[in-house]
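J.: Questions regarding the structure given below will be posed in turn.
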Amino acid sequence: MSDERAERIADFIGPLRVEPGSKVRLDRDFDPRYKAGLKKRDGIELLRTGVSMLAEYQERLAAQDTYGVLLCLQALDAGGKDGTIRHVMSGVNPQGVRVSSFKVPSTEELDHDYLWRYAQRLPTRGEIAIFNRSHYEEVLVVRVHPENLVRQKLPDDTLGPGIWDRRYREINQWERYLTDNGFKVVKIFLNLSKEEQRTRFLKRIDLPEKNWKFSAADVRERRRWDDYQDAFSEMLSATSTKWAPWYVVPADRRWFARICAAAVLAHALMDIDPQYPEVGEEARNELLVTKRELEQEAPAGAPADPYASRHPSASQATDRPTKKKTTTTAKKEKTKSKTKKQHG
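For the numbering used here, count along the sequence shown from 1 and bump the result up by 39.
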C-alpha cells in the first residue's frame with residue numbers, strides 16, 4: 040500500500056488497533072469518547088470521502104472476483120451497529136454487499152456446530168458480507184449466560200473451564216483458514232460507555248418513533264455490564280491476530296464512530312488492492328471491431344464515439360494496440376534476469 044491515502048488511513052486507525060498478543064482492559068485502554076482531535080463539522084467531509092473510497096474499491100473487488108471481505112460488527116445494545124452499516128455502506132453497490140443479523144439460534148442451528156450458521160452467511164468472492172453481531176456471540180452472550188451452552192447439546196466431556204480458551208483457538212483457526220482462502224476478516228468493536236448507553240435507552244423510550252427499538256431485555260442485559268466488559272476484554276485479547284486484528288472504535292460520538300468504521304474497512308480493501316481484470320489480446324481485438332461497427336452507426340452530425348469525444352484519453356487507451364508484454368513488465372523481467380546472473 041504505497042498510496043498516500045492508505046498511509047494516512049493506517050496512521051488514523053492505528054490507535055484503535057488491538058495489538059496481537061496484548062492484554063486488553065476496555066476501561067483502561069480505550070476511551071469511548073476519543074475523537075482524535077476532530078470536530079464534527081470536519082467529520083462530515085471525512086465520512087463522505089471514506090464512503091467514496093469504499094465505493095471505488097468495492098467495484099474493483101467485485102470486478103476482480105478473487106477476494107471476499109467479511110466485516111464483523113460487535114457492540115452492546117444501542118452501540119450503533121445499524122447506523123454504522125447504513126451510513127458507511129451508503130455509497131456502495133447493494134448488489135455487492137450482504138448484511139446478516141444473528142438472533143437466538145433456531146432448532147436447526149442448534150443441531151449443528153456453533154460456527155455452522157455463520158459459515159452459511161460468509162461472503163462469496165467479490166462480495167462484502169457484514170455480520171451484525173457475529174460468531175463472537177459464542178464467547179460473549181453465551182459466556183455471560185452459560186445456560187445457553189446447555190441448549191447447544193455439547194458432549195459432557197467438552198464442557199468445563201477450558202471451553203472458552205478452546206473456542207478462542209477454534210475461532211482464530213477458522214479465521215486463518217478464511218484468510219488463507221482469500222477472504223479478508225475485518226473486526227470492529229463499537230465501544231460504548233455505560234452513561235451513553237443509558238442516554239440512548241432513554242431516547243428510545245422518550246421518542247414514540249423509537250419505541251420499537253427498545254426492549255426490556257436490553258435493560259436486563261445492562262445489569263450485567265461488568266460481566267460483558269470482562270468478556271469483551273478477554274475476547275479482544277485472545278482473538279486479535281495478525282491475520283484478523285480487532286479495532287476498538289469509540290462509539291459515544293456516532294459521527295466519529297462512522298468515520299472510524301469507514302477507515303478500517305477502506306484500509307482492509309486497500310490492503311487487498313483489487314484490480315480490474317485485463318482483457319487478452321484476442322478479446323481486445325474483438326472490442327475494437329465492435330467499436331468500429333458502433334461508430335459507423337452514428338447519426339449524421341453526431342460524434343462517432345460520444346464518450347471518447349468528451350474523454351480523449353479514454354479513446355487513446357482503448358485504441359492502443361495490445362502488446363504481449365507492457366514496457367513496465369519487460370523492464371521488470373530484464374532487471375530480474377540481470378539479478379539472477381549476478382547471483383550466479
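The C-beta atom is built at its ideal place from N, Cα and C for all residues, glycine as well. Note that the structure is a prediction, hence the values are computed from the model and not measured.
(1) Would you kindly work out how many angstroms separate the C-alpha atoms of L93 and W213, rounded to a whole number?
(2) For the alpha helix (DSSP H) that L85 lies in, which residues bound it at each end?
(3) Checking the sheet assignment: what are the DSSP bridge partners for V288?
(4) Enumerate in chain order the residues of its own chain whose CB-to-CB distance from I48 is below 8 angstroms, with the five nearest sequence positions on each side excluded.
(5) Considering only the alpha carbon of each residue, which of H350, K226, D104 and N171 lies closest to N211?
(6) Report buried or exposed for P360, applying the criterion of at least 16 other Cβ atoms within 10 angstroms of its Cβ.
(7) Assign E321 to buried or exposed, taking buried as 16 or more other Cβ atoms, counted over all protein chains shown, within 10 Å of its Cβ.
(8) Out of curiosity, what's the CA-to-CA distance linking W389 and S232?
(9) By a C-beta neighbour count over all protein chains shown, 10 Å radius and 16 as the cutoff for buried, is Q97 buried or exposed?
(10) Just to confirm the assignment, what range does the beta strand (DSSP E) spanning A168 have?
(11) So what's R259 in DSSP terms, helix, strand or just coil?
(12) Kindly indicate which residue of R349, V189 and G135 has the alpha-carbon position closest to the one of Y106.
(13) Are the CB atoms of W285 and L275 nearer to each other than 8 angstroms?
(14) For A75 and D152, I'd like the C-alpha separation in whole angstroms.
(15) Check the C-beta distance from I169 over to V131 and give it rounded, since I have them as a contact under 8 angstroms.
(16) Run through DSSP, which three-state label would Q314 get?
(17) In chain order, what residues of the same chain have a beta carbon less than 7 angstroms from the beta carbon of R182, not counting five sequence neighbours either side?
(18) Output the distance between the C-alpha atoms of K362 and E325, rounded to the nearest integer angstrom.
T.: On the basis of the data shown:
(1) Taking the Cα positions, L93 is about 26 angstroms away from W213.
(2) K79 to Q103
(3) Answer is L229, bridged to V288.
(4) A302, A305, H306 and M309
(5) When the alpha-carbon of N211 is set against those of H350, K226, D104 and N171, the nearest one is in K226.
(6) Summary for P360: the model assigns pLDDT 49, below 50, so the residue's position carries little reliability; its value from the coordinates is reported in the next sentence. Exposed.
(7) exposed
(8) Here the chain comprises residues numbered 40 to 383, so residue 389 is not present and cannot be evaluated.
(9) buried
(10) I167 to N171
(11) helix
(12) Closest in alpha carbon position to Y106, among R349, V189 and G135, is G135.
(13) Yes, the Cβ-Cβ distance between W285 and L275 is below 8 angstroms.
(14) Looking at the two C-alpha atoms, the distance is approximately 41 angstroms.
(15) Their Cβ separation, rounded to whole angstroms, is 11 angstroms, which puts I169 and V131 out of contact at 8 angstroms.
(16) coil
(17) Result list for R182: W203 and A270, in chain order.
(18) Confidence at K362 is low in this model, with a pLDDT of 43, below 50, so its placement is unreliable and the value that follows should be read with caution. Approximately 15 angstroms between the Cα atoms of the pair.
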